[in-house]
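Visitor:
There are 2 protein chains.
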Amino acid sequence: MKPAAASRRRAPSVEIVTIGTELLLGQLVDTNSATIARAMADSGVDVYAKHSVGDNAARLEAMLRGVLDRADGAITTGGLGPTVDDLTKEAISAAVDGPLREHGPSVLAIEARMASFGRSGPLSPNNRRQAFLPQDAVVLDNPHGTAPGFVAVRADGKFIAAMPGVPREMAPMLAEKLVPWLVARYGLRDAIFTRTLHTAGIGESDLDARIEPLFRTLENPKIAVLAHDFRVDVKIMAKAADADAAAKLTAPVEAELRERLGPSIFGTDDDTLASVVLARCRERGLTLATAESITGGAVADALVRVPGASRVFRGAIVAYDDEVKRALLDVDEALLRQHGAVSEAVAGAMASGACARLDADVAVATTGIAGPGGATPSKPVGLVYLAVVVSGREPAVRRLTSPGNRDDIRRRAMVAALALLLRELTIEAAH
Amino acid sequence: MKPAAASRRRAPSVEIVTIGTELLLGQLVDTNSATIARAMADSGVDVYAKHSVGDNAARLEAMLRGVLDRADGAITTGGLGPTVDDLTKEAISAAVDGPLREHGPSVLAIEARMASFGRSGPLSPNNRRQAFLPQDAVVLDNPHGTAPGFVAVRADGKFIAAMPGVPREMAPMLAEKLVPWLVARYGLRDAIFTRTLHTAGIGESDLDARIEPLFRTLENPKIAVLAHDFRVDVKIMAKAADADAAAKLTAPVEAELRERLGPSIFGTDDDTLASVVLARCRERGLTLATAESITGGAVADALVRVPGASRVFRGAIVAYDDEVKRALLDVDEALLRQHGAVSEAVAGAMASGACARLDADVAVATTGIAGPGGATPSKPVGLVYLAVVVSGREPAVRRLTSPGNRDDIRRRAMVAALALLLRELTIEAAH
Chain A
8 MKPAAASRRR APSVEIVTIG TELLLGQLVD TNSATIARAM ADSGVDVYAK
58 HSVGDNAARL EAMLRGVLDR ADGAITTGGL GPTVDDLTKE AISAAVDGPL
108 REHGPSVLAI EARMASFGRS GPLSPNNRRQ AFLPQDAVVL DNPHGTAPGF
158 VAVRADGKFI AAMPGVPREM APMLAEKLVP WLVARYGLRD AIFTRTLHTA
208 GIGESDLDAR IEPLFRTLEN PKIAVLAHDF RVDVKIMAKA ADADAAAKLT
258 APVEAELRER LGPSIFGTDD DTLASVVLAR CRERGLTLAT AESITGGAVA
308 DALVRVPGAS RVFRGAIVAY DDEVKRALLD VDEALLRQHG AVSEAVAGAM
358 ASGACARLDA DVAVATTGIA GPGGATPSKP VGLVYLAVVV SGREPAVRRL
408 TSPGNRDDIR RRAMVAALAL LLRELTIEAA H
Chain B
8 MKPAAASRRR APSVEIVTIG TELLLGQLVD TNSATIARAM ADSGVDVYAK
58 HSVGDNAARL EAMLRGVLDR ADGAITTGGL GPTVDDLTKE AISAAVDGPL
108 REHGPSVLAI EARMASFGRS GPLSPNNRRQ AFLPQDAVVL DNPHGTAPGF
158 VAVRADGKFI AAMPGVPREM APMLAEKLVP WLVARYGLRD AIFTRTLHTA
208 GIGESDLDAR IEPLFRTLEN PKIAVLAHDF RVDVKIMAKA ADADAAAKLT
258 APVEAELRER LGPSIFGTDD DTLASVVLAR CRERGLTLAT AESITGGAVA
308 DALVRVPGAS RVFRGAIVAY DDEVKRALLD VDEALLRQHG AVSEAVAGAM
358 ASGACARLDA DVAVATTGIA GPGGATPSKP VGLVYLAVVV SGREPAVRRL
408 TSPGNRDDIR RRAMVAALAL LLRELTIEAA H
C-alpha cells in the first residue's frame, strides 16, 4: 500500500482577486491571474476561483470577506500604487481587522528607489502612503518597483496577500517571495507537474477521438486537450511529491499517447515548431532561409525568437512586391505572368531562389491572398501556397484555404510553413 | 438645466462568470471576459466584477446565487459542451429554480449541424444533452457551433445568460443575440464611448506628470493612461446617449491633451504605428523597405499586417548572418570588420543598402544584441542600433539600450524602429 495521502495535511485553498477598474472595462486582458494560477498548481495549492473587481473599497472588502469564508487565503494584485484610486490596502486592512501602520523599512526602500531616479528629499504624501501596511503584515520586497507587497494574516489564520498589478513587478515577487512563504506555512509537498506534448497537422476532434477512452478513465495523471494558435497541445498533469514521482506517473501515459498520435507529436514542454525546426537543421548541419510574401517576415521572426538561431538561420527575403520576387529571388517573369504570384509554381521558385540567394540548404516560401482586397474568382481570400526545398531537391508544395480575417490567414500560413518545414526535414532524415 | 439623468432608468449591473477548470490551472488566459466587459461598457451596462470557477456544480451554483444577490444578472461562458464535465446548465437551472427541459428547435438545429458534417442518424445522448435548457429560457442561437446559448430569468426578474466558451462562438452570440436582448429589456441608452490617443516616444511617468491635473478633476469624460507594448495610450471615456453626444464631451478634452502632449500623439483609435507610417508614405508617394537583423522580420510583419500595405511596402531583407549583410545589402566588409555588425555605421549602411536593393525611397534598418549570447564587454545584451534613410539623405540613427529578456529586447527594437521611421517621415514633411 502506498503511504496514505490522507495523513498529509490537506492542500490549502486560495482564490485570486485582481483589482482595477480597467479590468472591468475590458481594456486590459488579465494575465496576472493565469500566472498566479500556474504557480499555485505547481506548488500544490488549490485555486477555487478567480475574481476581478474595480477600484471600489466597499465591494473589494465584501469580496475579500467572502473569499476568506470559502478558502484559506486570498491572493490579490493591483491597487497598491500611489494614487487615490489605489484602495486595496484599506480594504484588506478592514477584511483582516488589522489597522494600517507606517512600515519604516519600506519608507527607506522607497526613498532609496526615488534617489536612484535622481529624486532626493522627503517623499510626497502619495509615495509615503505606499509604505503604510496592515499591522504585523509579512512584507514582500519589490526590487522592481516602489510599492511593497505583503501578506496579512487574520486572527483565525486565514490570509490575504497583496502584490502589485504590473506583471514585471508581480511575477518575481510571486516566485521569489510569496510561493516560498506558502510552502513554508503549509508544509507543501504535492504539486501538479505538467508535461505538454505539442502536435501539428492533426485537428482537435480527430485527436480527441483517438485519445478519448484514455481521457475518460484517468484520475492521476489527468489529460487535457488544448487547441490554440492553429495547433493542438495535449497536457499530462500529475499530482506528485516531486518531479521524479511525477515522471513515473506520466511516462506510461505519454507512451500510450505517442502510440496513438504518432508523428503528429513534434515536441514537448518548451519546444516550439521554430525551435524544433532549428534543432533538426542543426543536427544535420543544414542552414535555413525563408522567402515570404503573405507572411511578410513572420516565419523569419518566429525563427529568430529562438535563442541561438544564428547558428542555422541565414536570413530572409520578404518579397511583398512581384518586382522584388523577380529581382531578389530570381522568380521567372514568365512564371509570374502565366500562373500569377499566388501559385504552386511561384512558391516553389521562391523557395529555390531563397536557397540560391541566401546560400542556404533549406528554404520555405509563402505566397497567398490575405485580404480584404486582392481576391479573384479563381483565387479567393485565404488561398495560400507554401513550398519547401531541402538540399536542392524538387520543392514540396502545400496548398491551404483558410477561413478568418487577415490576421488569422497570415498567422495560420506562418504556423503551416513551419509545420511543412518540419515534415520535410523529417522525411528527409528518414531517407 | 440638462434633462435629469435620474429620470432615466438606472443602468443595469452584471457580473461575468467564466467557467472551466483549465482557467484555474492557468493554462488558458481568459479573453472572453474582456470581450464581454467591453461590450457591456459599450452598451451602458455596469460590470461589478468578473469571476472564474472550475467545473464544480456546487461551487458554481453558490457563485451564481451570490452574483444575483449583488447584481441584476450573471453572464457566463463555458461548460455548455457535450461532455460530463459540462455542468453549467445544471447549476444555472438550480440557481434560477427553472428545471431543465428538452428544447425541440435546438434538437433540430443540432441534428442539422451534425448532418452538415456528414453525420446523420439519431443524436448521441451527449449531443442530445446540449438541447436541454432551463424551462422558459430565451434561446440564443449558435450558428458557429452545436451548443445553443440561453438567458434564464428568475421569478424576481434577475437573469443568468449562458454562452459557449469558444471565443469564435461566443463573440458573435454576444454581439448579435445577447446585447440586443439586454438593450431591449433594460431600454439602454447611455453607453461608454472610448476615444484612444496613441503616443510614442514619451514615458508613462512623464506623460502622467503632464496631464495629471486634468486626470484628477474630470468626471465625464474620464481619462485613463495605459502603458503597453513599450508605448503609452491615453483613453478618453465619455458616457453619453450616442456617438455625437460623446464627441461633444470628448472634443475639448482631446484638444487639451493634444496641447499638453504635442507630437507625441501619433494616431487615434484603430491607428497603429505601422498603419500611420504606411499612410505617411502613401500621402507623399514614397515606397518603403526594411533591413532587419535583430528584429528578424518583425518590422516587415507589422507593416504587412496592415490591409493595403502592398501599395507602399516593397519588401525586406532579413540579414541575420553577416555574409547576408554583405551579399544582399552591400554592407562594406571593412565597415563590418572595423565597427562590428552592431554599430551605427552598419545600421546606416543596411538602410542605404535596402533602399538600393529593394528600390525603395525609405528604409529602416535594425541591428543589435538580443541575448542571451553574443555580448562583448563594449556591446552588452540589449544594445540596439536603428537607422532610417529617407529619399537618399544621410541616415538618421538611434541607439537603444533595453532591459529585459530576448523577446522584450526584440519587441522594443521593433516598436522603436517604427517610431523612428515615423519621426523621420514627419521631420521630412516639415521641410
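Residue numbers (the working numbering), protein chains in the order written: chain A, 8 to 438; chain B, 8 to 438.
The beta carbon of each residue, even a glycine, is placed where N, CA and C say it ideally should be.
#1: DSSP beta-bridge partners for Val146/B?
#2: Apply the 10 Å Cβ neighbour rule to Arg136/A and answer buried if 16 or more other Cβ atoms are within range, or exposed otherwise.
#3: By how many angstroms is the C-alpha of Cys288/B removed from the C-alpha of Leu310/B?
#4: Run through chain B and tell me which residues come within less than 8 Å of Glu29/A, C-beta to C-beta.
#5: Any beta carbon of chain A sitting closer than 9 Å to that of Ser127/B?
#6: If you count every other CB in all the chains shown that lies within 10 Å of the CB of Arg418/B, and 16 or more means buried, which is it?
#7: Looking at Leu336/B: is its Cβ nearer than 9 Å to the Cβ of Val371/B?
#8: On a CA-only basis, which of Phe237/A, His235/A, Asp236/A and Glu263/A is nearest Ile243/A? Give me that one, please.
#9: Compare the Cα-Cα distances from Thr201/A to each of Ile99/A, Leu432/A and Thr275/A and report the closest residue.
#10: Please check if any C-beta of chain B sits within less than 9 Å of the C-beta of Gln34/A.
#11: Can you list, in chain order, the residues of its chain with a C-beta nearer than 7 Å to that of Gly88/B? Leave out the 5 residues immediately preceding and following it.
#12: Let me check understanding here. Comparing Cα to Cα, which of Ala48/B, Ala98/B and Ile167/B lies closest to Leu4/B?
#13: Based on the DSSP secondary-structure assignment, which residues constitute the bridge partners of Asp53/B?
#14: Report the three-state DSSP secondary structure of His464/B (helix, strand or coil).
#15: Do the segment 180 to 191 of chain A and the segment 143 to 159 of chain A meet, that is, are 3 or more Cβ pairs less than 8 Å apart?
#16: What's the C-alpha gap between Ile26/A and Thr224/B?
#17: Please work out which residues of its chain come closer than 7 Å, Cβ to Cβ, to Ala159/A, disregarding the five sequence neighbours upstream and downstream, and give them in chain order.
#18: Can you tell me whether Gln345/A is buried or exposed, with buried defined as 16 or more other CB within 10 angstroms of its CB?
#19: Between Val60/B, Met421/B and Ala119/B, which has its C-alpha nearest Arg77/A's C-alpha?
#20: With a cut-off of 9 Å, does the C-beta of Ala305/B fall near any C-beta of chain A?
#21: Return no unless some Cβ of chain B is closer than 9 Å to the Cβ of Gly378/A.
#22: Assuming Val396/A contacts Ser350/A under a Cβ cut-off of 8 Å, what Cβ separation, rounded to an integer in Å, is found between them?
#23: Given this structure, state the Cα-to-Cα distance separating Asp329/A from Val391/A, to the nearest angstrom.
#24: Within the continuous alpha helix (DSSP H) that includes His346/A, where are the two ends?
#25: Just checking, does the segment 227 to 235 of chain A make contact with the segment 27 to 37 of chain B on the three C-beta pairs under 8 Å criterion?
#26: Please report the distance separating the alpha-carbon of Ser40/A from that of Met170/A.
#27: Quick one: what's Lys242/B bridged to in DSSP?
#28: Tell me, please, which residues DSSP counts as bridged to Ala296/B.
#29: Rounded to whole angstroms, what is the Cα-Cα separation between Leu295/A and Asp368/A?
#30: Report the rounded CA-to-CA distance for Lys229/B versus Phe222/B, giving the unit in angstroms.
#31: Relative to the alpha-carbon of Phe139/A, which residue among Gly164/A, Pro112/A and Arg120/A has its alpha-carbon at the smallest distance?
#32: Quick check on Pro132/A - is its C-beta less than 9 Å from some C-beta in chain B?
#33: Val396/B by DSSP, collapsed to three states: which one?
#34: In terms of alpha-carbon separation, which member of Ala216/B, Ile416/B and Ala65/B lies closest to Leu268/B?
#35: Which stretch, first to last residue, makes up the alpha helix (DSSP H) that contains Ala191/B?
#36: Using beta carbons (cut-off 9 Å, strictly below), is Thr201/A in contact with chain B?
Guide: Result, derived from the coordinates:
#1: Working through the second sequence from its first residue, we reach residue 146/B at position 139. Val146/B is bridged to Phe157/B.
#2: Indexing the first sequence from 1 puts residue 136/A at position 129. Buried.
#3: Walking along the second sequence from the start, residue 310/B turns up at place 303. Walking along the second sequence from the start, residue 288/B turns up at place 281. Here the C-alpha atom of Leu310/B lies approximately 12 Å from the C-alpha atom of Cys288/B.
#4: One-based indexing of the first sequence puts residue 29/A at position 22. Per Cβ cutoff of 8 Å: Ala231 and Leu233.
#5: Taking the second sequence and counting its residues from 1, one reaches residue 127/B at position 120. Not closer than 9 Å to any Cβ of chain A, the Cβ of Ser127/B fails to qualify, so no.
#6: Numbered from 1 along the second sequence, position 411 holds the residue referred to as residue 418/B. By the 10 Å Cβ count, Arg418/B comes out buried.
#7: Residue numbering aside, residue 336/B sits at position 329 when the second sequence is read from its first letter. Residue numbering aside, residue 371/B sits at position 364 when the second sequence is read from its first letter. Leu336/B is not a Cβ neighbour of Val371/B, given a cutoff of 9 Å.
#8: Locating residue 243/A in the first sequence gives position 236, counting from the first residue. Cα-wise, what sits closest to Ile243/A is Glu263/A.
#9: Looking up residue 201/A in the first sequence gives position 194. When each option's Cα is compared against that of Thr201/A, the closest is Thr275/A.
#10: What you label residue 34/A is simply residue 27 of the first sequence in a count that begins at 1. Cβ-Cβ to chain B under 9 Å: yes for Gln34/A.
#11: If you number the second sequence from 1, residue 88/B lands on position 81. Excluding residues up to 5 positions away in sequence, Ala154 lie with their Cβ nearer than 7 Å to the Cβ of Gly88/B in the same chain.
#12: Past the edges of chain B, shown from 8 to 438, lies residue 4/B, and the structure says nothing about it.
#13: Position 46 of the second sequence holds residue 53/B. Note: Asp53/B is bridge-paired with Ser20/B in the DSSP secondary-structure output.
#14: The requested residue 464/B is not part of the displayed model; chain B covers only 8 to 438.
#15: Verdict: yes, contact present.
#16: Here residue 26/A refers to the residue found at position 19 of the first sequence. Here residue 224/B refers to the residue found at position 217 of the second sequence. The alpha-carbon of Ile26/A is positioned some 22 Å away from that of Thr224/B.
#17: Residue 159/A sits at position 152 when you count from the first residue of the first sequence. Closer than 7 Å at Cβ, skipping near neighbours: Ile99, Val103, Gly105, Pro141, Ala144, Phe166 and Ile167.
#18: Working through the first sequence from its first residue, we reach residue 345/A at position 338. So Gln345/A counts as exposed.
#19: Position 70 of the first sequence holds residue 77/A. Of all alpha-carbon atoms in Val60/B, Met421/B and Ala119/B, the one lying nearest the alpha-carbon of Arg77/A is that of Val60/B.
#20: The sequence position of residue 305/B within the second sequence is 298, counting from 1. Under the Cβ distance rule, Ala305/B counts among the residues neighbouring chain A, one pair being separated by less than 9 Å.
#21: As a first step, residue 378/A is located in the first sequence; it is residue number 371 there, counting from the start. Look at Gly378/A: its C-beta is under 9 Å from a C-beta on chain B.
#22: As a working mapping, residue 396/A is identified with position 389 in the first sequence. As a working mapping, residue 350/A is identified with position 343 in the first sequence. Not a contact, Cβ separation roughly 16 Å.
#23: Position 322 of the first sequence holds residue 329/A. Position 384 of the first sequence holds residue 391/A. Going by the C-alpha atoms only, they are around 16 Å apart.
#24: For the purposes of this step, residue 346/A is taken as residue 339 along the first sequence, with counting starting at 1. Note, His346/A: alpha helix (DSSP H), Glu340 to His346.
#25: Counting C-beta pairs closer than 8 Å gives three or more between the segment 227 to 235 of chain A and the segment 27 to 37 of chain B, which meets the contact rule.
#26: Translated into the one-based positions of the first sequence, residue 40/A becomes position 33. Translated into the one-based positions of the first sequence, residue 170/A becomes position 163. So the two alpha carbons sit approximately 11 Å from each other.
#27: Translated into positions along the second sequence, residue 242/B becomes position 235. Paired residues: Thr203/B and Ala231/B.
#28: Counting from 1 along the second sequence, the entry for residue 296/B is found at position 289. Looking at the DSSP assignment, Ala296/B forms a beta bridge with Gly322/B and Ala370/B.
#29: Start at 1 with the first residue of the first sequence, and residue 295/A comes out as number 288. Start at 1 with the first residue of the first sequence, and residue 368/A comes out as number 361. The straight-line gap from Cα to Cα measures roughly 6 Å.
#30: Residue mapping note: residue 229/B aligns to position 222 of the second sequence, counting from 1. Residue mapping note: residue 222/B aligns to position 215 of the second sequence, counting from 1. CA-to-CA, the gap between Lys229/B and Phe222/B works out to about 7 Å.
#31: For the purposes of this step, residue 139/A is identified with residue 132 of the first sequence, where counting begins at 1. Answer by Cα proximity: Pro112/A.
#32: Your numbering for residue 132/A matches position 125 in the first sequence. Not an interface residue.
#33: Locating residue 396/B in the second sequence gives position 389, counting from the first residue. Strand.
#34: The residue given as residue 268/B occupies position 261 in the second sequence. The candidate whose alpha carbon is nearest that of Leu268/B is Ala216/B.
#35: One-based indexing of the second sequence puts residue 191/B at position 184. Its alpha helix (DSSP H) spans residues Val186 to Tyr193.
#36: Within the first sequence, numbered from 1, the residue matching residue 201/A stands at position 194. Yes, its Cβ sits closer than 9 Å to a Cβ of chain B.
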